[in-house]
Amino acid sequence: MEMFVEYHLWIMIAILVGLILLPQKHRKKKSVLTLIAVLALSIGYEFIMSEPITQMPSRVNQYFNQDGATKTENPDYYNNPEERLGK
């Protein structure tokens with residue numbers, strides 16, 4: 003199992019290349035095209051962010067759970083939450 007975790011990126015690249023090298027009649031299926039797109043996006047994410055794709059949900063959750071801007075940080079665009087809920 004450790005080997006899979008260590009080489010998961012290379013395994014994903016090998017599967018992607020294998021799917022691209024499939025005969026044309028199999029490659030035109032929507033499921034194969036979807037799998038190719040998902041694998042390509044996953045590999046791209048891992049190269050760009052230098053972290054596994056499995057960390058993406060926690061990164062998104064962390065981003066959306068941040069506190070908003072306070073009145074002193076941005077007075078021009080600040081909406082008081084109590085006023086907004088009262089409308």
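Our numbering puts the sequence shown at residues 3 to 89.
By construction, the Cβ of each residue, glycine as well, lies at the ideal position given by its N, Cα and C atoms.
When the five nearest sequence neighbours on each side are left out, the beta carbons in the same chain lying within less than 7 Å of the beta carbon of Ser-44 are those of Met-14, Ile-55, in order along the chain. Leu-18 and Val-34 do not touch by the CB rule: their CB atoms are close to 11 Å apart, not below 8 Å. Its chain contains no residue whose beta carbon lies nearer than 6 Å to that of Phe-6 once the 5 sequence neighbours on both sides are disregarded. The alpha-carbon of Gln-68 is positioned some 20 Å away from that of Leu-87. In the three-state scheme derived from DSSP, where H, G and I count as helix and E and B as strand, Gln-68 is classed as coil.
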